[in-house]
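Encoded as C-alpha cells, the structure appears first; notes follow it.
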Amino acid sequence: MIRDVLHLKAPGNWLNDPNGFIYYKGKYHVFFQQFPYAPVWGTMHWGHAVSEDLIHWEHRKTAVFPTKDYDRDGVFSGSGIEKDGKLYLYYSAVRYEAEEEENIHLAKDGRFVTSQAMLISDDGEQFDNFAGKKQIIPVSRDSRTADARNTRDPKVWRGKEQFYMILGSTLNDRTGRVLFYKSKDAQKWEYAGQYQNDAYGTVIECPDLFETGGAWVFAGCPMGIMNDGLAYTDQAVCALADFREEDCRLKLPETYQFIDYGLDLYAPQTNVDAEGRRVMIAWMRMPEPVVSGEDERGEWIGMMCLPRVVEVSDGHIYFRVHPQVKQHFTSVVSPGDEADFKEPFYVRAVLEEGRGLDIGGYRIWAEDGCIRTDRSRVFRGLEGYRTTCCTPPLKGGCKLDVFVEPNLIEVFVNDGEYVISNIVYGLDGTMIKEM
Ligand code: FRU
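Numbering-wise, full-length UniProt numbering puts 402 at position 402 of the sequence shown, and it's gapless, one number per residue.
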C-alpha cells in the first residue's frame with residue numbers, strides 16, 4: 001500500500017485536482033483526478049486516499065472510472081456529501097465527439113460534451129461503477145443556460161432548506177460564469193440560476209462557495225487571466241461573495257485575491273473538518289515528474305498543498321496551515337540552523353525590510369513592504385515558468401511560517417495574510433542561511 005505523510009502525492013503517474021474532499025464516518029477522504037497509466041494527463045479517473053488526521057494518508061484503489069457511454073472519456077472533477085449515512089459523489093462526465101487518432105485520451109479538435117453524474121457509495125470504501133452511477137444533468141442543448149462542452153466541476157453542499165450545486169461554465173468561451181442547481185433529495189436536480197462576470201476569465205473551473213464566520217466566500221479558477229507569456233494562465237482566486245441561498249442570487253466583486261501567490265496552486269476544494277473548521281486543499285501543478293526512490297510508485301507528477309484553514313477577518317481571506325498539521329512538526333528551525341533537506345521541516349522567522357532567507361537555494365526576502373521569492377536555482381533551469389513571485393503589500397510586519405519538503409516550499413506570511421507556494425527540484429544544503 002502506498003502511504004503519504006503531510007503532502008498527498010500521486011501514487012504513481014498523474015494526479016491533478018482534489019475531488020470529493022470530505023470528513024466521513026471518522027475519516028478524511030480525498031479523491032483526485034488521476035491518469036493511472038502514465039505521468040501525463042489523459043482519460044480521467046478518481047484516485048482515492050484516506051486519512052484519520054489530515055497528515056497520514058493511505059492510498060486506496062481507483063474509486064471512479066469510466067464505465068458508461070456518457071463518461072467514457074473521463075470522470076472529471078467534482079465533490080462529495082454525506083446523506084443518510086451514504087457517500088454521494090458528484091462528477092462531470094465527459095464524452096468526446098471523436099478521439100485523436102494518435103492519442104485516444106484526447107478529444108479530436110478539442111470537441112467533447114459534458115454532463116453531470118453521480119455515484120452513491122454505501123460506505124466510502126466500495127464504489128460500484130456499474131450499478132451505482134447515474135446521470136443527473138444532461139448535456140446542455142441551450143447555450144444561454146449552459147455550455148455543452150465547458151460546464152463542469154459540481155460542488156454540492158447541504159443548504160438550509162435543500163441541497164445546492166454550483167457548476168463552472170462559460171458564456172461562448174469568452175466570459176466566466178457559474179450555474180446553480182438545487183435539489184430536495186440530492187439526486188433530482190433543478191436549474192436555479194446563474195451568474196457571469198467578465199473579470200473572471202473565459203471559463204470558470206472548480207467553483208466553490210461556502211459560508212465561514214458569517215461571510216460567503218467564492219473560490220474558483222478563472223481561465224486565461226495571467227497573460228504574461230509564462231505557463232499557467234489559469235489561476236485560483238477567491239473573493240467575498242454577495243450570495244443569497246434561497247434564490248441562488250450571486251454577485252462577485254471585480255477584484256479578487258489569488259488563493260496562493262506562488263501561482264502553482266490550482267483547483268482548490270474546501271469542506272469542513274472534524275471540528276467544523278473550513279479546510280482547503282488544492283493541486284500543486286508540477287512541470288516535470290519525480291522518480292520515487294522510496295516506494296513502488298515510480299515516476300509521479302502532481303501533489304496536494306498542505307491542508308489550510310480558510311478564515312475571513314476585516315474583509316480579507318486568510319489561509320492558515322491546519323493546526324493539526326502544524327503540530328505534527330515537533331521542532332522548528334530558525335535562520336542560522338541546520339536542517340535535514342531530505343525530510344519535511346518547518347522554519348519560523350521574522351524578516352525586516354531588505355533581509356531574507358536562503359533555504360537550499362530557494363530565496364525569500366522582504367522588499368518594499370512585500371514578500372518576494374525566487375526559485376530559479378532550484379527549478380532544473382526549466383524555462384517558460386514563473387520563477388519569481390511576490391505578495392501584495394503587507395498590512396504590517398513580516399512573520400514567516402515556511403514548510404519545506406523536497407519538492408514543495410509553502411511560505412505563510414503573517415499567519416496566512418498571503419501564501420506563496422512553489423514547486424522546487426533539487427534543494428541543496430544543510431543550513432537555513434540569512435541573506
Ligand atoms: C481543472 C480541470 C477541471 C476538470 C479537470 C479535468 O484542473 O480542468 O476543470 O474537471 O481538471 O482533469
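We put the beta carbon where it would ideally sit given N, CA and C, even for glycine.
The DSSP-derived three-state label of residue 376 is helix. Considering only 211, 320, 426 and 297, the residue with the shortest C-alpha distance to residue 341 is 426.
With a contact defined as Cβ atoms closer than 8 Å, residue 186 and residue 88 qualify at about 6 Å. The closest CA to that of residue 172, considering only 201, 248, 209 and 44, is found on 201. In this structure, DSSP gives residue 173 a state outside helix and strand, which the three-state scheme calls coil. One alpha carbon belongs to residue 304, the other to residue 8, and they sit about 5 Å apart. In this structure, the alpha-carbon of residue 311 lies about 30 Å from that of residue 354.
With a cutoff of 7 Å, residue 60 does not count as near the ligand FRU, since its C-beta is closer than that to no heavy atom of the ligand. For the pair residue 111 and residue 412, the Cα-to-Cα distance works out to about 41 Å. Counting only residues of its own chain and dropping the five nearest sequence neighbours on each side, residue 53 has a CB closer than 7 Å to the CB of 324. Residue range 323-328 is occupied by the alpha helix (DSSP H) that includes residue 325, with no beta strand (DSSP E) assigned at that position. Of all alpha-carbon atoms in 104, 98, 119 and 124, the one lying nearest the alpha-carbon of residue 113 is that of 98.
Within the model, the alpha-carbon separation for residue 377 versus residue 41 is close to 27 Å. Bounds of the beta strand (DSSP E) holding residue 281 are 278-284.
If you measure from each CB to the nearest heavy atom of the ligand FRU, the residues under 6 Å come out as 16, 17, 33, 44, 76, 77, 92, 152, 153, 205, 206, 266 and 267. For residue 20, the enclosing beta strand (DSSP E) begins and ends at 13-24. A straight line joining the alpha-carbon of residue 65 with that of residue 375 spans about 37 Å. Under the criterion of beta carbons closer than 8 Å, residue 269 and residue 18 qualify as touching, at roughly 5 Å. At a Cβ-Cβ threshold of 8 Å, residue 389 and residue 414 do not count as neighbours. Residue 108 carries a helical assignment under DSSP once its states are collapsed to helix, strand and coil. The distance from the Cβ of residue 75 to that of residue 49 is about 16 Å, inconsistent with a contact at the 8 Å cut-off.
For residue 38, same chain residues with a beta-carbon under 6 Å away, outside a window of 5 residues either side, are 13 in chain order.
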